[in-house]
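Working notes for the structure below.
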Amino acid sequence: MGWGHRKSAVLQPSPSELSLASPSVTPPEMAGKSAGSVRPSFESVYRAHAKTVARWAMRLLGPSGDFEDVVQDAFLVVRRRLPGFRGEAEITTWLYEITVRVVQDWRRRARWWSWVTGRGQSPSRGQMQATFVPTAEMPKDPLALLEARERTRLLYRLLDELDEVHRTTFILFELDGLTGEQIASITDTRISTVWVRLSRARRKFIQRMRALEAREKP
Amino acid sequence: MRQHPEDPILRWRDRPPGGEAAEDRAAALIRGSLVPAEPEELHLPRFEQRSRRWSRSALLPRLAFTALFLVVGVATVMAARRAGWLDRILPVAYPPPEPAPLRTHRPRHPTRVPAAAPAAVTDATPAEANETVAPPPGPTLAVPAAEIQLPRRKTRASRRTAFIDSPKPAAPALSDEIRALDQAIGLLRRDREADAALSTLDAYLARYPRGVLNREARLARVDALLMLQRLDEAQSALDTLPLDTHRRETELQVIRGELRARSDCARAEEDYSAVLARSLDAALVERALYGRGACRAKRGDGTGAAEDLQRYLERFPNGAHAAWARQWLEGAGQSLIKGG
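Residue numbers (the numbering used here), protein chains in the order written: chain A, 1 to 218; chain B, 1 to 340.
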């Protein structure tokens with residue numbers, strides 16, 4: 001299945017999509033959340049993972065996206081697909097896969113909405129934008145915070161200029177810290193494809209950054 | 001964030017400074033960016049509430065979209081139908097048995113000119129028709145006179161077709177021809193002046209014996225003769241006119257069959273059979289089926305007549321000749337039983 005069919009894949013998963021990485025390659029953020037030989041109820045999945053999914057959605061969307069909207073859509077998919085979940089993979093990995101695809105779908109809708117209306121308006125129903133905070137090692141003074149906020153805005157502005165495939169791969173690897181194997185499982189591609197995409201994403205990112213710097217140079 | 005040992009590529013944020021300047025700047029950008037805050041608790045009741053609200057709110061746009069789609073679709077189909085596009089695209093929706101499709105444009109208000117065409121069939125007595133397969137006696141068994149139909153006015157589609165098909169007035173001689181024929185056809189179709197139209201057509205044919213529109217003129221002349229009830233002349237004109245497969249000419253073939261049936265049922269059957277083999281026009285099929293059945297009955301082919309009339313009743317149970325066909329079949333059935 002190609003990358004272009006992700007939306008339908010979200011709605012109709014194949015068994016292979018549900019079998020993901022082994023626990024040994026589960027990222028630290030995912031590890032130990034839920035292992036799955038027992039099929040959990042929807043309520044328990046929501047209570048245990050809604051915040052995690054929201055955090056992933058924030059990261060994938062950036063500061064301007066409506067993460068609550070994405071969480072809502074993601075869990076609608078979860079509720080529909082949960083009866084088919086056989087526990088062959090970590091449930092967190094499965095949720096991550098769904099979140100990635102829902103985010104991509106949300107961004108497609110946002111682009112379409114922007115094209116139709118001529119405004120940068122998102123198709124959000126809730127308009128709850130993510131809050132981004134400094135890391136522990138960052139200075140906390142207001143000026144540094146302002147600069148960090150501007151860097152974050154610039155980072156996502158550059159990312160938004162990438163193709164959806166490259167953008168996702170870049171975020172999963174560079175920002176979320178997933179391994180190549182995990183990204184390959186989540187995006188249903190070969191690991192070699194992941195490296196190719198990452199390489200292209202980096203090259204395009206650098207190109208966009210240079211172009212932006214050239215434009216803003218006095 | 002720790003580099004996975006199996007990953008062959010180092011993350012930018014983990015790379016030591018001193019490499020390519022652009023990558024260093026990109027790494028600094030990533031390192032210096034904010035990270036998502038811990039989200040607030042997302043409660044399940046809120047999820048359920050939003051789901052219900054969204055499913056309700058999604059219903060109205062979907063209904064509106066469906067209604068809009070239907071309206072646009074119906075409007076498009078109606079416009080296409082009015083413009084005649086559907087007639088060009090879709091085949092005529094008559095059921096088989098005849099295999100060859102024929103696109104037809106039926107006039108809305110055909111003028112029915114009663115003709116004594118199948119008089120020979122009408123006169124056929126049971127004894128003359130067939131000794132074993134005799135029609136039931138009585139006046140009700142008389143074959144009703146066939147009706148010869150002339151189009152009163154052209155339909156929109158036929159006007160357009162005529163416009164498209166009409167030759168362009170490239171040369172003066174052709175322009176004169178067109179004008180002369182138009183005048184004659186106007187007299188015939190618009191003014192219903194068959195006499196004047198016939199004179200004009202005769203003058204046209206005399207003036208342009210090899211004219212480009214000779215065939216159209218001869219077809220119009222047949223119409224005029226039929227309108228004037230000069231059936232023998234009409235039959236003679238039709239006998240010398242090779243008929244094409246267009247709807248009007250197929251109709252003329254039926255008329256020729258009806259005219260021939262007065263004296264020569266064998267040749268009439270040829271016309272009827274030719275029409276039945278290619279036409280899907282229900283009105284023409286009805287006339288041809290009835291005419292052939294009646295002719296076969298007259299010629300003593302009781303089995304063939306019974307087949308045709310049975311087919312007629314199956315397709316046109318309320319047709320103009322259905323009552324006659326039923327009575328004939330009842331009588332034929334009795335005769336067949338008697339004859340073994």
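C-beta atoms are modelled at their ideal positions from N, C-alpha and C, and glycine is treated no differently. Predicted model only: the values in this text are computed from it and were never measured.
| message | Checking 7 Å against the spacing of the C-beta atoms, do residue 70(A) and residue 112(A) come in under that value? | response | For the purposes of this step, residue 70(A) is identified with residue 70 of the first sequence, where counting begins at 1. For the purposes of this step, residue 112(A) is identified with residue 112 of the first sequence, where counting begins at 1. No; because the gap between Cβ atoms is not below 7 Å, this pair is not in contact.
| query | Taking Cβ to Cβ, would you say residue 36(B) is nearer than 7 Å to residue 59(A)? | reply | Along the second sequence, one-based indexing puts residue 36(B) at 36. Along the first sequence, one-based indexing puts residue 59(A) at 59. Yes, these two residues count as a Cβ contact at 7 Å.
| said: To test your reading of the DSSP string, which unbroken alpha helix (DSSP H) runs of 4 or more residues are found completely within the region 250-287 of chain B? | reply: With a minimum length of 4 residues, the continuous alpha helix (DSSP H) runs that stay inside the region 250-287 of chain B are 265-278.
| Taking residue 178(A) as the reference, which of 163(A), 164(A) and 194(A) has the closest Cα? | As a working note, residue 178(A) is residue 178 in the first sequence. With distances taken between Cα atoms, residue 178(A) lies closest to 194(A).
| query | So which residues on chain B does residue 72(A) lean against when the C-beta distance must stay under 8 Å? | reply | Within the first sequence, residue 72(A) is the residue found at index 72, counting from 1. Residues of chain B passing the Cβ test: 47, 50, 51 and 54.
| message | Could you tell me the alpha carbon to alpha carbon distance between residue 332(B) and residue 252(B), rounded to whole angstroms? | response | Numbered from its first residue, the second sequence carries residue 332(B) at position 332. Numbered from its first residue, the second sequence carries residue 252(B) at position 252. If you take the alpha carbons of residue 332(B) and residue 252(B), they lie about 31 Å apart.
| Sheet register partners of residue 103(A) (DSSP bridge) | The residue given as residue 103(A) occupies position 103 in the first sequence. Bridge partners of residue 103(A): none, in fact.
| field | Helix, strand or coil at residue 45(B) according to DSSP, with G and I counted as helix | value | Residue mapping note: residue 45(B) aligns to position 45 of the second sequence, counting from 1. Reduced to three states, the DSSP call for residue 45(B) is helix.
| residue 288(B) to residue 304(B) span [Cα, whole Å] | Within the second sequence, the letter at position 288 stands for residue 288(B). Within the second sequence, the letter at position 304 stands for residue 304(B). Using only the alpha carbons, I get a separation of about 14 Å.
| task | Starting from the Cα of residue 186(B), find the closest Cα among 22(B), 224(B) and 328(B) and give me that residue. | result | In the second sequence, the residue the question calls residue 186(B) occupies position 186. With distances taken between Cα atoms, residue 186(B) lies closest to 224(B).
| field | For residue 258(B) and residue 291(B), believed in contact at Cβ under 8 Å, the rounded distance | value | In the second sequence, the residue the question calls residue 291(B) occupies position 291. In the second sequence, the residue the question calls residue 258(B) occupies position 258. Sure, about 6 Å apart at Cβ, within 8 Å.
| request: Please compile the residues from chain B whose C-beta is within a distance smaller than 9 Å of the C-beta of residue 204(A). | output: The residue given as residue 204(A) occupies position 204 in the first sequence. The premise fails here: residue 204(A) is roughly 11 Å from chain B at the closest Cβ pair, so nothing lies under 9 Å.
| Selected residue, minimal CA-CA separation from residue 264(B), among 246(B), 181(B) and 239(B) | Against the second sequence, residue 264(B) aligns to sequence position 264. Scanning 246(B), 181(B) and 239(B) for the CA closest to the CA of residue 264(B) turns up 239(B).
| query | the region 282-295 of chain B: which residues have C-beta closer than 7 Å to a C-beta of chain A, in chain order? | reply | Listed by position, the residues of the region 282-295 of chain B near chain A (Cβ gap below 7 Å) amount to none.
| task | Identify each residue in the region 164-193 of chain A for which the Cβ-Cβ distance to at least one residue of chain B is less than 8 Å, and report them in chain order. | result | If the cut-off is 8 Å between Cβ atoms, the region 164-193 of chain A has 173, 174, 175, 177, 179, 180 and 181 near chain B.
| said: I'd like to know whether the C-beta atoms of residue 98(A) and residue 74(A) end up nearer to each other than 7 Å. | reply: Counting from 1 along the first sequence, the entry for residue 98(A) is found at position 98. Counting from 1 along the first sequence, the entry for residue 74(A) is found at position 74. Yes.
| query | Quick one: Cα of residue 207(B) to Cα of residue 72(B), how far? | reply | Position 207 of the second sequence holds residue 207(B). Position 72 of the second sequence holds residue 72(B). If I take the Cα positions, the gap works out to 54 Å.
| Can you list, in chain order, the residues of its chain whose CB lies under 7 Å from that of residue 27(B), leaving out five sequence neighbours each side? | Locating residue 27(B) in the second sequence gives position 27, where the first residue counts as 1. Excluding residues within five positions, the ones whose Cβ falls inside 7 Å are 12, 13 and 15.
| Would you call the CB atoms of residue 158(A) and residue 210(A) closer than 7 Å? | The count along the first sequence starts at 1 and reaches residue 158(A) at position 158. The count along the first sequence starts at 1 and reaches residue 210(A) at position 210. One thing to note: residue 158(A) has its Cβ no nearer than 7 Å to the Cβ of residue 210(A).
| Neighbour flag for residue 326(B) against chain A, beta carbons, 7 Å | Here residue 326(B) refers to the residue found at position 326 of the second sequence. Judged by the 7 Å Cβ criterion, residue 326(B) is not in contact with chain A.
| Can you tell me where the alpha helix (DSSP H) with residue 212(B) in it begins and where it stops? | Within the second sequence, residue 212(B) is the residue found at index 212, counting from 1. Per DSSP, residue 212(B) belongs to no alpha helix (DSSP H) and is neither H nor E.
| task | Pull up the DSSP beta-bridge partners for residue 45(A), would you. | result | The sequence position of residue 45(A) within the first sequence is 45, counting from 1. According to DSSP, residue 45(A) bridges with nothing at all.
| task | Please classify residue 36(B): does DSSP put it in a helix, a strand, or coil? | result | By 1-based counting over the second sequence, the position of residue 36(B) is 36. Here residue 36(B) sits in strand by DSSP.
| request: Could you check if residue 117(A) is buried or exposed, using at least 16 other CB atoms within 10 Å of its CB as the buried criterion? | output: Here the question's residue 117(A) lines up with position 117 in the first sequence. Exposed.
| Can you give the Cα-Cα distance for residue 211(B) and residue 192(B), rounded to whole angstroms? | Along the second sequence, read from residue 1 onward, the residue named residue 211(B) stands at position 211. Along the second sequence, read from residue 1 onward, the residue named residue 192(B) stands at position 192. Roughly 25 Å separates the two Cα atoms.
| What does a CB cutoff of less than 6 Å around residue 319(B) pick up in its chain, not counting 5 residues either side in sequence? | Within the second sequence, numbered from 1, the residue matching residue 319(B) stands at position 319. Closer than 6 Å at the Cβ level, and outside the excluded window around residue 319(B), lie 286.
| request: Give the C-beta separation of residue 191(A) and residue 100(A) to the nearest angstrom, bearing in mind that I take them to be a contact with Cβ-Cβ under 8 Å. | output: Here residue 191(A) refers to the residue found at position 191 when the first sequence is read from its first residue. Here residue 100(A) refers to the residue found at position 100 when the first sequence is read from its first residue. Contact flag wrong, Cβ pair sits at about 16 Å.
| task | Indicate whether residue 162(A) and residue 204(A) have their beta-carbon atoms separated by less than 7 Å. | result | In the first sequence, the residue the question calls residue 162(A) occupies position 162. In the first sequence, the residue the question calls residue 204(A) occupies position 204. At the C-beta level, residue 162(A) and residue 204(A) come within 7 Å of one another.
| query | Quick one, which of 153(A), 68(A), 164(A) and 63(A) has its alpha-carbon nearest residue 201(A)'s? | reply | Taking the first residue of the first sequence as 1, we reach residue 201(A) at position 201. Closest by alpha carbon: 164(A).
| What in chain B is Cβ-close to residue 54(A), meaning under 8 Å? | Here the question's residue 54(A) lines up with position 54 in the first sequence. Those are 39 and 42, listed as they occur along chain B.
| Can you name the residues that DSSP bridges to residue 116(A)? | In the first sequence, the residue the question calls residue 116(A) occupies position 116. Paired residue(s): none; residue 116(A) is not in a bridge.
| query | Is the beta carbon of residue 82(A) sitting closer than 7 Å to the one on residue 42(A)? | reply | Within the first sequence, numbered from 1, the residue matching residue 82(A) stands at position 82. Within the first sequence, numbered from 1, the residue matching residue 42(A) stands at position 42. Yes, the pair counts as a contact, with Cβ atoms nearer than the cut-off.
| said: Let me confirm a value: residue 68(B) is counted as buried when at least 16 other C-beta atoms fall within 10 Å, else exposed. Which label applies? | reply: The residue labelled residue 68(B) in the question sits at position 68 within the second sequence. So residue 68(B) counts as exposed.
| Where DSSP assigns a beta bridge to residue 132(A), which residues make up the other side? | Position 132 of the first sequence, counted from the start, is the residue given in the question as residue 132(A). Beta-bridge pairing links residue 132(A) to 36(B).
| request: Check whether the Cβ atoms of residue 206(A) and residue 22(B) lie closer than 7 Å to each other. | output: By 1-based counting over the first sequence, the position of residue 206(A) is 206. By 1-based counting over the second sequence, the position of residue 22(B) is 22. Yes.
| For residue 118(B), does the count of other Cβ atoms within 10 angstroms reach 16, so buried, or fall short, so exposed? | Position 118 of the second sequence, counted from the start, is the residue given in the question as residue 118(B). At residue 118(B), the pLDDT of 43 sits below 50, so the modelled position is not reliable; the number obtained from the coordinates is stated separately. Residue 118(B) is buried by the Cβ-count criterion.
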